[in-house]
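Trainee: Quick one: the structure is below, and I'll ask about it shortly.
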Amino acid sequence: MNNYFPSNIKLLRKRRGRTQDDVAFALGMKRSTLSGYENEVAQPGMEALIAFSDYFKVSVDTLIKVDLSQLSESELSQLERGYDIFVKGSKLRVLATTVDKENEENIELVDEKAKAGYRTGFADPEFIKVLPTFQMPFLSKQKKYRTFQISGDSMHPIPDGSWVTGEFVQNWNLIRNRYAYIINTLDDGVVFKVVENLIKEEGKLRLYSLNTIYEPYDVDVKDIREVWKFVNYICNDVPDTNNENKQLADSVKALQKEVKTIKKEIKTISK
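Residue 13 is where the sequence shown starts when you use my numbering, and the numbers rise one by one after that.
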């Protein structure tokens, strides 16, 4: 994969009319360090990537993966005004993760108690590294997964207390309608919902519950921290029978019984 970070930070610096000394001073680093990044003789760490992202108001993903020199002037102007056309509505998505002894990605486990801290600690490596971890051998080693414990009945028939596993979604524009996702939100923390993607049209996601007594609601992309695509769930209980279907079946049986009774009565009268 191409890394456009060196050329991008140099381009953005020059468009602002800043010298290396100016930017280095603003970011609290040596000019030689910045020069090393721009000339590809040094690799920035996570803290440096975040610092550049905050300074230029451009997501880390865009700084690394997009060749900004190929953008039009209008696209660059939008980017510099804080409107990231590549991760629309999201400034930064840096994933803190852990690996096992074989350097394979772990699946971290976020239980009900940890969910409260996860809302703000999701990007903190110190918080993530103390979470329990496990492996699911049937999942792809090329993708990142995390498991969350859900609570409540909004996603019934998936039972309260189930463990739902999601695949990390980097490009939110690829979120698919009518698919289930685990979403870390600014206000509500971790929620598990079926999603309608309205990012391009309205800059938001519309979230639906499987339990129809709950009304759908919208969440703005600026209030979203992470998105994980649902892949499976684990629970200790057998899901409840669908009561609505059972009631319908019982009603049909009762109606059929009444029809038989009426038919017998008609035959008796006819005789």
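Ideal placement from N, C-alpha and C gives every residue a C-beta, glycine not left out. Since this is a predicted model, take the numbers as computed values, not measurements.
Taking all protein chains shown into account, decide if E85 is buried (16 or more other Cβ within 10 angstroms of its Cβ) or exposed.
Mentor: Exposed, by the Cβ-count rule.
Trainee: If you count every other CB in all the chains shown that lies within 10 Å of the CB of V154, and 16 or more means buried, which is it?
Mentor: Reading off the sequence shown, one finds Gln at residue 154, where the question assumed Val. It counts as exposed.
Trainee: Which complete beta strand (DSSP E) runs does the stretch 217-248 hold, if anything under 3 residues is left out?
Mentor: List check, beta strand (DSSP E) in window: 229-232, 236-246.
Trainee: Name the residue from V53, L83, T45, R158 whose alpha carbon lies nearest to the alpha carbon of A60.
Mentor: Here the closest residue by C-alpha is T45.
Trainee: Using only the alpha-carbon positions, how far apart do C247 and N15 sit?
Mentor: Near 42 Å, if we compare the C-alpha coordinates of N15 and C247.
Trainee: Is L75 closer than 8 Å to I140 when the C-beta atoms are compared?
Mentor: Against a cut-off of 8 Å, the Cβ pair of L75 and I140 comes out as no contact.
Trainee: Near Q32, which residues of its chain fall below 7 Å by C-beta distance, leaving aside the five closest residues on each side in sequence?
Mentor: Around Q32: R43, L46, S47.
Trainee: Determine which residues share a DSSP beta bridge with E120 and list them.
Mentor: Paired residues: T145, R158.
Trainee: What are the start and end residues of the beta strand (DSSP E) that includes N20?
Mentor: Run containing N20: none in the beta strand (DSSP E); it sits in the alpha helix (DSSP H), 17-27.
Trainee: Could you tell me the alpha carbon to alpha carbon distance between V202 and Y191, rounded to whole angstroms?
Mentor: Spanning the two alpha carbons is a distance of roughly 16 Å.
Trainee: Nearest CA to the CA of P149: which residue from I119, L143, Q161, K125?
Mentor: Answer by Cα proximity: I119.
Trainee: Buried or exposed, going by whether 16 or more other CB atoms sit within 10 Å of the CB of M58?
Mentor: M58 comes out exposed.
Trainee: Skipping 5 residues on each side, what residues in its chain have a beta carbon closer than 8 Å to that of N51?
Mentor: The answer, listed in chain order, is P18.
Trainee: State the Cα-Cα distance for the pair Y229 and K125, rounded to the nearest angstrom.
Mentor: If you take the alpha carbons of Y229 and K125, they lie about 25 Å apart.
Trainee: Does the beta carbon of L24 fall short of 7 Å from some heavy atom of the ligand FAD?
Mentor: With respect to the ligand FAD, the structure offers nothing, as it holds no ligand at all.
Trainee: How far does the alpha helix (DSSP H) with G178 in it reach, from first residue to last?
Mentor: From DSSP, G178 is part of no alpha helix (DSSP H) but of the beta strand (DSSP E) over 175-180.
Trainee: For K100, name the three-state secondary structure that DSSP assigns.
Mentor: Residue placement at K100 cannot be trusted, given a pLDDT of 49 that sits under 50; what the coordinates show is reported in the next sentence. DSSP places K100 in coil when its eight states are reduced to three.
Trainee: Sort out for me which residues DSSP pairs Y193 with in a bridge.
Mentor: Paired residues: K205, K241.
Trainee: Can you tell me whether DSSP reads L210 as helix, strand or coil?
Mentor: Of the three classes helix, strand and coil, the one that applies to L210 here is strand, per DSSP.
Trainee: Could you check where the alpha helix (DSSP H) with E52 kicks off and where it finishes?
Mentor: No alpha helix (DSSP H) holds E52; DSSP gives it neither H nor E.
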